[in-house]
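Working notes for the structure below.
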Amino acid sequence: MSFPKSQPDWNNLDVLHRNTLQPRAHFFPYTSEEKALTFDRNQSDLYKSLNGTWKFRHDESPFEAPDWESASPLSWNNINVPGMWQLQGFSRPLYTNVNYPFPVDPPYVPFLNETGSYWRQFSVPTEWDTQFQQIRLRFEGVDSAFHVWVNNVQVGYSQGSRNPSEFDISAYLKPPGSSNEIAVRVYELCDGSYIERQDQWLLSGIFRDVYLVAFSRTAAVTDFFAAPIIDQSLANAILKVSVTTQGEVAGPVIVKLRSPVGTVIGTQSIPHSSTAKFEVAGNALKLWSAEDPVLYTLLISSGGCVVSQRIGFRRIEQSSSNFHVNGQPIILYGVNRHEHHHLHGRAVPYEDMQADLVLMKKCNINAIRCAHQPNDPQIYELCDELGLYVIAEADLEAHGFDPVERTSIKDKHMMTGMEIQETSFKRAARWTSDNPDWEDAYLDRAVQLVERFKNYSSIIFWSLGNEAFYGRNHASMYRWIKNRDPSRLVHYEGDREGVTTDVYSAMYYSIDDLKKHVSEKTDRPLILCEYGHAMGNGPGGLEDYVATFRSEPLLQGAFIWEWCNHGLLKREGKTLYHAYGGDFNDHPNDGDFVLDGMVWSDHTDNPGLTEYKKAIEPVSVRIGGHELEIKSHYHFKDLTHLSASWRLVKESGKTDLFDPELPEIKPDRSVRIDVPVGFEEKTEDTWLEISFRLKHATAWAEEGHEVAWSQLPLFNEHSLPLCHTLEPGASLTIVEKQGRLFISTTSFQTLFTFDLVRGTLQWSHEKGPIITKGPELGLFRALTQNDAGFGGDGED
Numbered sequence: 001m002s003f004p005k006s007q008p009d010w011n012n013l014d015v016l017h018r019n020t021l022q023p024r025a026h027f028f029p030y031t032s033e034e035k036a037l038t039f040d041r042n043q044s045d046l047y048k049s050l051n052g053t054w055k056f057r058h059d060e061s062p063f064e065a066p067d068w069e070s071a072s073p074l075s076w077n078n079i080n081v082p083g084m085w086q087l088q089g090f091s092r093p094l095y096t097n098v099n100y101p102f103p104v105d106p107p108y109v110p111f112l113n114e115t116g117s118y119w120r121q122f123s124v125p126t127e128w129d130t131q132f133q134q135i136r137l138r139f140e141g142v143d144s145a146f147h148v149w150v151n152n153v154q155v156g157y158s159q160g161s162r163n164p165s166e167f168d169i170s171a172y173l174k175p176p177g178s179s180n181e182i183a184v185r186v187y188e189l190c191d192g193s194y195i196e197r198q199d200q201w202l203l204s205g206i207f208r209d210v211y212l213v214a215f216s217r218t219a220a221v222t223d224f225f226a227a228p229i230i231d232q233s234l235a236n237a238i239l240k241v242s243v244t245t246q247g248e249v250a251g252p253v254i255v256k257l258r259s260p261v262g263t264v265i266g267t268q269s270i271p272h273s274s275t276a277k278f279e280v281a282g283n284a285l286k287l288w289s290a291e292d293p294v295l296y297t298l299l300i301s302s303g304g305c306v307v308s309q310r311i312g313f314r315r316i317e318q319s320s321s322n323f324h325v326n327g328q329p330i331i332l333y334g335v336n337r338h339e340h341h342h343l344h345g346r347a348v349p350y351e352d353m354q355a356d357l358v359l360m361k362k363c364n365i366n367a368i369r370c371a372h373q374p375n376d377p378q379i380y381e382l383c384d385e386l387g388l389y390v391i392a393e394a395d396l397e398a399h400g401f402d403p404v405e406r407t408s409i410k411d412k413h414m415m416t417g418m419e420i421q422e423t424s425f426k427r428a429a430r431w432t433s434d435n436p437d438w439e440d441a442y443l444d445r446a447v448q449l450v451e452r453f454k455n456y457s458s459i460i461f462w463s464l465g466n467e468a469f470y471g472r473n474h475a476s477m478y479r480w481i482k483n484r485d486p487s488r489l490v491h492y493e494g495d496r497e498g499v500t501t502d503v504y505s506a507m508y509y510s511i512d513d514l515k516k517h518v519s520e521k522t523d524r525p526l527i528l529c530e531y532g533h534a535m536g537n538g539p540g541g542l543e544d545y546v547a548t549f550r551s552e553p554l555l556q557g558a559f560i561w562e563w564c565n566h567g568l569l570k571r572e573g574k575t576l577y578h579a580y581g582g583d584f585n586d587h588p589n590d591g592d593f594v595l596d597g598m599v600w601s602d603h604t605d606n607p608g609l610t611e612y613k614k615a616i617e618p619v620s621v622r623i624g625g626h627e628l629e630i631k632s633h634y635h636f637k638d639l640t641h642l643s644a645s646w647r648l649v650k651e652s653g654k655t656d657l658f659d660p661e662l663p664e665i666k667p668d669r670s671v672r673i674d675v676p677v678g679f680e681e682k683t684e685d686t687w688l689e690i691s692f693r694l695k696h697a698t699a700w701a702e703e704g705h706e707v708a709w710s711q712l713p714l715f716n717e718h719s720l721p722l723c724h725t726l727e728p729g730a731s732l733t734i735v736e737k738q739g740r741l742f743i744s745t746t747s748f749q750t751l752f753t754f755d756l757v758r759g760t761l762q763w764s765h766e767k768g769p770i771i772t773k774g775p776e777l778g779l780f781r782a783l784t785q786n787d788a789g790f791g792g793d794g795e796d
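Just so you know, we're using full-length UniProt numbering here: the sequence shown kicks off at 1 and counts up by one.
Here it is, written out as structure tokens:
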């Protein structure tokens with residue numbers, strides 16, 4: 001007798017999906033243009049949310065989960081969907097950074113594999129005619145794998161935790177208005193867990209939206225790809241819209257393009273599953289960038305159904321040894337953003353996503369890396385609207401094979417740390433990345449990423465994943481992506497030699513390492529996909545890094561690790577705190593390494609974010625003699641959208657504000673102006689304080705929001721008493737009394753007292769005390785993970 005009798009789908013590398021529909025672009029169909037232009041899915045008559053309260057049962061193994069035919073789900077507990085079951089009273093969260101939290105035996109995971117059984121009733125809207133409409137059931141994210149049943153009939157299976165899964169359930173439904181049952185069995189682990197070993201909490205469940213959507217069987221738009229093509233002059237563009245439909249109705253597909261202000265630029269009638277092209281040129285063409293996120297609106301209509309999409313025209317290319325956006329080499333001032341909420345884990349509410357991105361924009365951040373998986377689709381919509389460049393990353397990481405290989409390396413005492421790492425990484429690739437048995441699983445992650453998000457303008461890079469070493473399967477992903485979407489660039493840090501990437505990428509290089517790299521490899525630029533590890537007393541040295549990015553043409557920016565602390569709110573008695581690894585009795589764990597963000601776990605900003613905002617501010621000021629040099633670090637905008645104000649700051653207080661007109665300063669240019677009139681007279685220590693603020697409100701900040709500021713020391717002839725010289729003939733008086741030295745002079749009234757026992761110093765002047773407690777020797781402070789040499793996502 002064998003157990004189990006057949007190989008489970010969740011332990012079978014040959015089964016990635018059963019009965020799922022083809023991946024497609026993320027969109028919602030509407031029944032009219034007016035509703036489509038709201039971009040509000042709740043206005044769609046063809047959408048029905050299944051979010052809300054479900055019945056739930058938790059088991060330690062799939063083999064202990066109930067049979068649906070004999071189950072009594074009405075007696076089960078309630079659970080919220082979207083949500084993570086570990087944060088709703090079932091089992092416990094577990095945090096590891098690198099190590100797999102289960103025995104390593106790919107592709108198999110243990111039979112003790114926590115399982116959540118979900119159940120609810122629903123009805124199809126009465127206006128949905130199932131004879132003419134295909135009813136699809138769509139899950140935007142289920143961690144980590146699941147089977148689904150409708151009315152006790154198994155519909156299918158899918159895995160890939162942060163990718164969508166869509167099923168045609170038309171044949172399983174009862175007539176519209178009748179009550180139907182849906183059941184979902186979610187597995188905490190599957191063979192895909194070997195390539196989902198990201199630095200985050202192990203949390204499970206239906207954690208993104210789940211809903212029904214209706215498509216016409218005879219004339220539905222089922223997919224489209226809107227690709228803007230801009231010529232080298234940046235004055236002429238073509239929007240190429242490839243539309244995929246189902247059904248064979250004779251009526252045409254109507255494709256319409258609207259300008260940013262809503263006027264119709266053009267309308268085309270095309271056959272089903274064909275392509276429309278719109279030419280936009282001259283004054284009608286406004287380019288999208290993170291600095292000026294101008295969006296057009298695309299409408300596609302067929303069979304009474306309308307699809308809408310915001311589109312930005314931008315040109316992304318490799319030119320010489322740089323990558324360009326709209327003809328300019330840009331610098332990415334970025335952050336890595338994991339999906340995290342201190343109450344809901346990866347089930348982040350929309351308002352919190354929006355608040356994250358608004359805060360980034362207010363702090364001068366212009367790029368995010370979606371670490372290390374596809375994010376909720378609404379993130380990319382917000383990045384389009386607010387203006388943020390995006391590295392869209394596949395749901396792929398296999399970092400856990402590194403420690404497995406390190407333990408097997410012999411003669412480690414004869415090797416340097418770098419040699420051990422290189423040896424381990426090469427060996428670790430053999431498990432999955434360079435193993436042909438895993439090629440389909442890797443390709444599936446690339447296909448799901450690109451097909452879902454191909455119409456979002458903010459995405460300038462596709463990323464093959466994170467810390468999965470490098471092998472043939474990455475090369476397969478790269479080739480597929482470049483064939484499907486040659487308009488964007490491809491990133492992957494693990495490809496250290498840049499064999500199948502368009503830029504070099506590294507983590508945690510020192511400034512000397514950066515300069516050495518660009519002196520040796522000049523064929524393409526380098527970005528740091530992680531740096532400035534924001535844990536403990538980090539990040540640090542940011543001004544030096546930013547100055548290096550701005551002075552070395554082949555260095556095109558970097559992404560702080562990371563945006564937020566991942567603490568989970570926990571109550572113990574009357575104490576409420578943000579917990580980390582080990583606080584849930586979770587073993588193994590990596591402790592507080594999950595707390596490494598520039599915002600706290602509740603997403604309020606911390607001092608690290610304040611420092612970053614200052615380091616990357618888009619306007620800087622230097623003083624030389626009686627001149628100020630104002631430098632713009634914008635790539636596309638001049639400074640006409642900003643107002644300037646300045647005043648003097650003295651020990652005795654501040655002067656009134658002056659509001660001069662800024663001279664015209666073009667992008668990446670500087671202008672010299674005279675120090676303002678009236679600022680010459682200085683009788684005490686004085687600084688010139690300059691502030692640059694928004695003239696008008698934007699989508700992310702109110703009028704008057706401060707974008708940049710400087711505080712510059714002005715020349716001052718006044719000096720501190722310590723700087724006085726002795727008058728001719730005067731001398732110091734030194735007296736020792738009761739273990740102290742008293743040092744004074746008659747030429748000016750000052751007194752130093754040095755404690756010979758304690759080694760402390762005091763300094764007094766006729767106007768009062770200056771130093772009451774002198775310097776003390778300090779040799780120790782509490783260590784942080786950064787002191788141990790850890791880098792961001794686990795690299796040493």
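In this text, a Cβ means the ideal position worked out from N, Cα and C, and glycines have one as well.
Just so you know, these numbers come straight off a predicted model, no measurement behind them.
Under the Cβ criterion (8 Å, minimum of three pairs), the segment 453–470 counts as touching the segment 390–397.
Using a Cβ distance threshold of 7 Å, residue 643 and residue 695 count as a contacting pair. Note on the segment 343–407: whole alpha helix (DSSP H) runs with a minimum of 4 residues are 350–362, 377–386 and 401–406, in chain order. The beta carbon of residue 669 is closer than 7 Å to those of 632 in its chain, skipping five residues each way along the sequence. Note on geometry: alpha-carbon atoms of residue 684 and residue 525 lie some 48 Å from one another. Residue environment for residue 551: exposed (fewer than 16 other C-beta atoms within 10 angstroms of its C-beta). With a contact defined as Cβ atoms closer than 8 Å, residue 554 and residue 522 qualify at about 7 Å. Residue 159 is a Cβ neighbour of residue 145, given a cutoff of 7 Å. DSSP places residue 244 in the uninterrupted beta strand (DSSP E) bounded by 236–246. For residue 517, the enclosing alpha helix (DSSP H) covers residues 511–520.
Looking only at 646, 707 and 666, the smallest Cα-Cα distance to residue 686 is reached by 646.
Check the Cα spacing between residue 595 and each of 621, 568 and 662: the tightest is with 568. For the 7 Å CB-CB criterion, residue 195 and residue 398 form a contact. Residue burial annotation: residue 547 is exposed, with fewer than 16 other C-beta atoms found within 10 angstroms of its C-beta. A straight line joining the alpha-carbon of residue 484 with that of residue 225 spans about 10 Å. Secondary structure of residue 256 (DSSP, three-state): strand. Separation of residue 22 and residue 305 (C-alpha to C-alpha, rounded to the nearest whole angstrom) is 20 Å. Assigned with DSSP and collapsed to three states, residue 666 falls in coil, not helix or strand.
The three-state reading of DSSP puts residue 507 in strand, counting E and B together. For residue 179, the three-state secondary structure derived from DSSP is strand. Less than 7 Å separates the beta-carbon of residue 56 from that of residue 79.
The Cβ atoms of residue 433 and residue 473 lie closer than 7 Å to each other.
In the structure shown, the three-state DSSP call for residue 222 is strand. Nearest in C-alpha terms to residue 579, of all of 27, 95, 290 and 639, is 95. Note: residue 228 is bridge-paired with 239 in the DSSP secondary-structure output. For residue 593, the closest alpha carbon among the candidates 564, 614, 576 and 611 is that of 564. Contact check for residue 458 against residue 514 fails: the beta carbons are separated by 7 Å or more. A straight-line Cα-Cα distance of about 12 Å links residue 132 and residue 171. Under the 8 Å Cβ criterion, the segment 304–322 does not count as touching the segment 653–667, having fewer than three qualifying pairs. The beta-bridge partner set that DSSP reports for residue 116 consists of 58 and 186.
Only residues of its own chain outside the window of five on either side were considered, and among them 630, 632, 638, 639 and 671 have a CB closer than 7 Å to the CB of residue 665, listed in chain order.
In this chain, the beta strand (DSSP E) harbouring residue 690 covers 686–694.
In this structure residue 167 is in contact with residue 156, their Cβ atoms being roughly 5 Å apart against a cut-off of 8 Å.
Secondary structure at residue 282: helix, using DSSP grouped into helix, strand and coil. Annotation: the continuous alpha helix (DSSP H) that includes residue 478 extends over 472–484. Residue 577 counts as exposed, since fewer than 16 other C-beta atoms from the protein chains shown sit within 10 angstroms of its C-beta.
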